[in-house]
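A short worksheet on the structure shown next.
2 protein chains.
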Amino acid sequence: MALIVQKYGGTSVANTERIRNVARRVAQYREQGDQVVVVVSAMSGVTDRLIGLAKEITALPDEREMDMLLSTGEQQTIALTAIALHALGQKAVSFTGAQAGIVTDGTHTKARIQDITPDEVHRALDAGNVVIVAGFQGATEDGQITTLGRGGSDLSAIALAAALKADLCQIYTDVDGVYTADPRLVPKARKIAEISYDEMLEMAGAGSKVMQLRSVEFAKKFNVVFEVRSSLNDNPGTIVKEESASMEDVVVRGVSLDKNQAKVTVWGLPDVPGRAASIFNALSQSAINVDMIVQNASHAGGNPATDLTFTVDKPDLLKAGKVLEGLQAQLGFREVTSDEKIGKLSIVGVGMRSHSGVAARMFTTLASEGVNIGLISTSEIKISVVIDLAQGEQAMQALHKAFLE
Amino acid sequence: MALIVQKYGGTSVANTERIRNVARRVAQYREQGDQVVVVVSAMSGVTDRLIGLAKEITALPDEREMDMLLSTGEQQTIALTAIALHALGQKAVSFTGAQAGIVTDGTHTKARIQDITPDEVHRALDAGNVVIVAGFQGATEDGQITTLGRGGSDLSAIALAAALKADLCQIYTDVDGVYTADPRLVPKARKIAEISYDEMLEMAGAGSKVMQLRSVEFAKKFNVVFEVRSSLNDNPGTIVKEESASMEDVVVRGVSLDKNQAKVTVWGLPDVPGRAASIFNALSQSAINVDMIVQNASHAGGNPATDLTFTVDKPDLLKAGKVLEGLQAQLGFREVTSDEKIGKLSIVGVGMRSHSGVAARMFTTLASEGVNIGLISTSEIKISVVIDLAQGEQAMQALHKAFLE
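So the protein sequences, as listed, match chains A and B. FYI, the numbering for the first sequence is 38 to 442, going by our numbering. FYI, the numbering for the second sequence is 38 to 442, going by our numbering.
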């Protein structure tokens, strides 16, 4: 008898028909003798509808009250899921995040889990129940309802799996698992059977949307092995776990293309200490996330100046432009240009650590396709380049062919 | 500085525009220096939508899970109301029933309030907040979410007013107050300025739909003075309070017509002890509510038998017929007939206690209108008669003219 934590996202519980499907799957595990804890998100569309109501009233609603409002979405799903399990003759009981013992700090709308005291969950499991827990939410020590921010339901599931010492944590989603590349862009992409936490983190950071970074970080920190799989079929998914020796045999685990970045170049920035810092401080204060940064060497000549290039999320580009405009007089740079038609192409794999020449092979492959490289950044297990968006898919397919076929 | 509890029903918070109106009204009281506790229902339609989702899954959803599900409706309204108050520059904080300290027994979907420990409410009021509490809900000692059943939000408001020793409790609804008769049926109906708990109870029992019986009973028990008034205007409403000496000066407080009853007659029931009891036990076990009961004297002759007539709620008529059918062989009555085209017409007033001849005047008035009386039942402060539904409005207007104009 295993203890399994299963998490179902908003599309998997989008309507009562799908909730019944979830219940059927859970019942199958129960009938095999497993204990099951189910973590569910709000039915898709519910959270947006609630946010819409709040925004009808004011542009900047209070964060404590947003948590009070949004936490109702998951609470509705847990009740309906329990009802669906009863309809199949299964014992089941639902818990809000607070009732499940998920204790967070008081940072409303993006609270951090501080502790999990799952006594009630254990008691309900021992009494033969499926336990259904509202994802995305918790409560402070003194009973204030909090939410965990984006990807919060994944986090709830992984944290519960850690606290309950579950044998297995399954993250059900609308894809079959993690792929070597986006199958819509690379027809020969394959599902990855096993991937390390670090690779998963780099893939997420490189634009693969399967899971938010913080849930993977949490799983890594507490060594929670989890499986990403589809709620629409019974195919095995992708196991995410600690790196093993055999994983290094594969040089590149996957290729990803992030189309959501824009490139900004500040031309003729006087080469004086602190100028670049001023720019990134100002962007950070405006909550603009900067990803890749490249600074060229100083120009020769009387007034040493440099060109600074970085990427930001496309939706932040306009705001970034305004921030830079406001700094021009103070910092004395010549002009700012931007380019939205870029893609950030990355290869990820723990095998890079022990294999040399990976970057050279990547650049050679791209050159043979006539793809020009704008920026380059590297980590221990990832190499990213910025290229022309129009060449993105072709370049991605070429890299996939070179490293993964 | 007064402490005021205000309750707003589902139509008063039906959309964000109306929630903003509620916030404006609350802010007016705040600006006069009053402390305000606001109790709100679910936005109209929300509860029915949630019930619909559960019924899509199963006809008889678990009651604990229904409470988990339905309590989200009020939770959404409290958050949106707090957000609307913030938008007006008012400090406000929302509480679920559990957070407000509303402790109930464990009878899910119709829990009874056992205790209110409003420490958090006091603390938030003392800190200068408007406190917004989810109506209709509470929690058991061990933290299970419960709901209070029909009219539960009124009950929450009155119970909180009692626990907080509020100076005033206002029940906002979509009517201006309690009327001497339904103004849609009796154009000369007037709003009643003050009414006693007992009169209000008899009016509610006689088909006036302003409030559920149990909230009025609770108010009477804890001597909570409350005002029924409209959320759509600033007109003074109707004060409901303990009976005072001056109230007896008015013989009849109001006239009401209940069109929702049907008459059942059991003909030729053998006049043997226990036969009538068998009938009403069987109806009660089928959850059929019986209102008026009349039994005629025994027929003369060889086999003493009687005719038994009573009224039930119209929607229960079919079910009542089936129950009686099943009893015919056992009890040996001749036949059952029923009549749906009846109205129950009542006059209510504490003045009846000290004024004689009220019934005679009522019957004389009806006779002069050519209205035939079917059944009669009386209490200390109410006289009800069953008449032909087609004559209902005419008869009601005649009684209103005789006693109230």
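Backbone N, C-alpha and C fix where the C-beta goes; we use that ideal spot for every residue, glycine too. The structure displayed is predicted, hence computed values, not measured ones.
Asked: When A:A121, A:L122, A:E417 and A:I195 are compared against A:D152, the one with the closest alpha-carbon; Found: A:I195
Asked: contact_flag[the stretch 128 to 142 of chain B, the stretch 174 to 190 of chain B] where n(CB pairs < 8 Å) is 3 or more; Found: yes
Asked: Pairwise C-alpha distance: B:D235 and B:F259; Found: 14 Å
Asked: Every unbroken alpha helix (DSSP H) within the stretch 183 to 267 of chain A, with a cutoff of 4 residues, ordered by chain; Found: 189 to 201, 234 to 242 and 250 to 259
Asked: Cβ-Cβ separation, A:K128 to A:V158 (assumed contact under 8 Å), whole Å; Found: About 14 Å separates the two Cβ atoms, so there is no contact after all.
Asked: Residue from A:G46, A:M38 and A:A96 with nearest C-alpha to A:V247; Found: A:G46
Asked: A:D328 versus A:D85, A:G363, A:G311 and A:S421, residue with shortest Cα-Cα distance; Found: A:S421
Asked: Within chain B, the residues that A:Q112 reaches when beta carbons sit closer than 7 Å; Found: M105 and T109
Asked: DSSP-derived helix/strand/coil call for B:P352; Found: helix
Asked: Distance, A:L205 Cα to A:M38 Cα; Found: 11 Å
Asked: B:T275, enclosing beta strand (DSSP E) - first and last residue; Found: T275 to K278
Asked: Straight-line gap, B:K300 to B:E377 (C-alpha atoms, nearest Å); Found: 6 Å
Asked: Residues near A:D350 in its chain [Cβ-Cβ closer than 7 Å; skip 5 each side]; Found: N297, Q298 and N326
Asked: Neighbour-count burial assignment, A:A161, 16 or more Cβ in a 10 Å radius; Found: buried
Asked: Sub-8 Å separation of A:H437 and A:K228 beta-carbons; Found: no
Asked: Pairwise C-alpha distance: A:E254 and A:L355; Found: 31 Å
Asked: Cβ-based burial, B:D99 [other Cβ within 10 Å; buried from 16]; Found: buried
Asked: Touch test, the stretch 384 to 401 of chain B against the stretch 277 to 293 of chain B, Cβ-Cβ under 8 Å, three pairs minimum; Found: yes
Asked: For B:T118, three-class secondary structure by DSSP; Found: helix
Asked: Cα-Cα separation, B:S405 to B:G110; Found: 51 Å
Asked: Whole-Å CB distance - A:A119 paired with A:V130, under 8 Å assumed; Found: 6 Å
Asked: Of the listed residues A:R221, A:L250 and A:G143, nearest to A:L192 (C-alpha basis); Found: A:L250
Asked: Expected contact under 8 Å - CB spacing of B:T144 and B:M103 to nearest Å; Found: Wrong, their Cβ atoms sit about 12 Å apart, outside the cutoff.
Asked: B:E377 in three-state terms, based on DSSP; Found: coil
Asked: Under 8 Å between C-beta atoms of A:T141 and A:T177; Found: yes
Asked: Chain B within 8 Å of A:T177, Cβ atoms only; Found: no
Asked: Assigned secondary structure, A:M329 (DSSP; H/G/I helix, E/B strand, else coil); Found: strand
Asked: Identity of the residue in B:V215, B:I276 and B:E264 nearest B:E231 by Cα; Found: B:I276
Asked: B:G429, buried or exposed, once every other Cβ within 10 Å from all chains shown has been counted against 16; Found: buried
Asked: Three-state secondary structure (DSSP) of A:S131; Found: strand
Asked: Beta-carbon neighbours of B:T53, restricted to chain A and to distances below 7 Å; Found: L90, E93 and I94
Asked: A:I56: contacting residues in chain B (beta-carbon distance under 8 Å); Found: I94
Asked: Cβ of A:Q434 within 8 Å of any chain B Cβ; Found: no
Asked: Chain-order list of residues whose beta-carbon lies under 7 Å from that of B:A439 (same chain, five-residue window excluded); Found: R398 and T402
Asked: Supposed contact pair B:S293 and B:M240 - C-beta distance, whole angstroms, cut 8 Å; Found: 6 Å
Asked: Range covered by the beta strand (DSSP E) that runs through B:T302; Found: Q298 to P307
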